[in-house]
Each structure stands twice: as structure tokens, then as C-alpha cells.
Amino acid sequence: MLPSVLTDVSYTFSRGKKYLIIGKSGEGKSTLIKLILCMIQPNEGVIRLGSKELADIEQHSLFKKMTAVMQENKFFNLSIRENLLMIAPEATEDQINFACQTADIYDYIQTLPNGYDTIIGERGIKLSGGQKQRLAIARLILHNPKIAILDEATSSLDAVSETKILSNLNKIFDNKTLIVISHKPALHIKFDEVISVESNALVSLGSVK
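In full-length UniProt numbering, the protein residues as written are 1 to 209.
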């Protein structure tokens with residue numbers, strides 16, 4: 001049997017609060033997120049969303065409430081608009097513009113020959129790692145979940161862009177839960193709590209004001 005990555009962990013993420021989770025590679029950050037997203041099951045104990053165990057919630061229902069942006073994200077060989085509307089088919093042009101402005105990708109899209117209708121991927125424009133992360137964050141904003149998770153989702157961005165986008169998310173998700181996982185402990189935005197994953201445990205380091 002493989003050794004446990006996280007042991008004796010008991011923690012509550014509160015509605016409307018913003019969390020930064022840091023830790024060295026291999027300490028369990030990715031495992032924690034996979035558990036929260038119900039991608040893997042704990043060997044012992046339970047994880048609850050409200051009063052319900054995650055394992056008892058249908059994946060479709062869970063996805064509506066909780067969405068994650070990862071370090072690398074899947075896009076299809078379709079237009080930017082089609083990739084965005086896959087997660088929010090009823091989104092209006094104003095909502096798409098707002099999401100892309102908040103994710104700091106709007107100005108770039110406006111420079112493309114066909115704007116939102118520009119094809120990306122193998123048959124079209126090749127996006128950089130940072131552009132893909134921005135577009136994935138715009139998609140998250142359109143989905144508007146109650147719980148938003150960013151797992152190294154700004155790792156390809158420079159410090160100025162990263163701070164701008166995370167500050168924007170803090171504002172628009174004011175009454176929602178935001179969980180940011182990063183290997184950078186010095187993100188200069190407000191967090192209600194900073195949590196360090198170390199020695200198979202979660203250690204609270206206080207807040208960032």
C-alpha cells in the first residue's frame with residue numbers, strides 16, 4: 001500500500017472566504033484538490049459539501065457548484081467563442097466581454113482577425129500557456145460557480161498579470177468561496193486564510209490583508 005499523502009486532516013472552507021494554499025512540490029497540494037473535486041476518494045473519513053457527502057452528489061450537480069482551473073486546461077479546435085460557450089451556453093456578449101476583461105485576455109482577443117470567432121488549436125491560432133490560462137479563467141467566470149478553485153492556474157503569468165487577475169476574482173467572487181493553490185507564497189492580494197501543506201498536514205498561517 002502506498003503511504004498516505006495527507007493524514008488526520010480536518011478543515012472547513014467557509015462560504016464567501018478566500019484561501020491561498022501553498023506548499024512544496026510533493027507535499028499534498030494536488031492530492032488535496034483532487035479530493036475536494038471528488039477525482040479521488042479518501043482512504044478514511046469523508047468530505048462534505050454543506051451537509052452532503054461529496055461521494056453522494058452527482059458529478060453534474062457537483063460541477064455546477066464547484067469548478068476548477070488547472071495549470072493546463074483542455075480546449076477544442078473551435079473558435080474562442082465556442083470554447084467559452086461550452087461551459088455557459090446562455091452567456092451574452094456583454095457577459096463574455098466582462099469575463100475576458102476580468103481574466104485580462106480581452107485586449108488580446110480584439111487584436112485577432114476574427115475576434116471571438118477566431119479558431120484556436122491545431123486548425124487555428126496557437127495560444128501560449130499564459131493565454132490558455134487566461135481563457136480558462138474567463139470560462140470559469142462565465143460558469144460562475146459557488147466554489148472556484150485555481151490549481152496553479154496562473155503559473156504561466158507574470159507577477160503583474162497574476163496579481164491583477166486574482167484581485168479581479170477576489171472582487172467578483174465576493175460572496176463565493178475562492179481557493180487558490182500556488183507554489184508562490186508572496187501573492188500580493190488579500191486572502192482570508194493562508195494554508196500551508198506540510199508534513200502530511202494542513203497548517204494555518206493566518207490571513208493576508
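From the three backbone atoms N, C-alpha and C, an ideal C-beta is built for every residue, glycine too.
None of the values given here were measured: they were computed from a predicted structure.
- Taking a cut-off of 8 Å on C-beta distances, the region 64-78 touches the region 128-147, as three or more cross pairs fall below it.
- The C-alpha of residue 196 is placed about 17 Å away from the C-alpha of residue 189.
- For residue 64, the enclosing alpha helix (DSSP H) starts and ends at 59-65.
- Here the region 115-130 makes contact with the region 79-94; the two share three or more CB pairs at distances below 8 Å.
- By the criterion of a C-beta distance shorter than 7 Å, residue 202 is surrounded in its chain by 9, 11 and 195, once the five residues flanking it on both sides are discounted.
- Partner residues in a beta bridge of residue 163, as assigned by DSSP, do not exist.
- Per DSSP, the continuous alpha helix (DSSP H) segment holding residue 106 begins and ends at 106-111.
- In the displayed model, residue 207 falls within coil according to three-state DSSP, outside both helix and strand.
- Between residue 172 and residue 123, the alpha-carbon positions lie close to 34 Å from each other.
- Within the region 84-139, the runs of alpha helix (DSSP H) at least 4 residues long that lie entirely inside it are, in chain order, 93-102 and 106-111.
- Where residue 196 is concerned, there is no enclosing alpha helix (DSSP H), although the beta strand (DSSP E) around it starts and stops at 193-198.
- Relative to residue 57, the option among 30, 68 and 39 whose CA is nearest is 39.
- The alpha-carbon separation between residue 140 and residue 199 amounts to approximately 32 Å.
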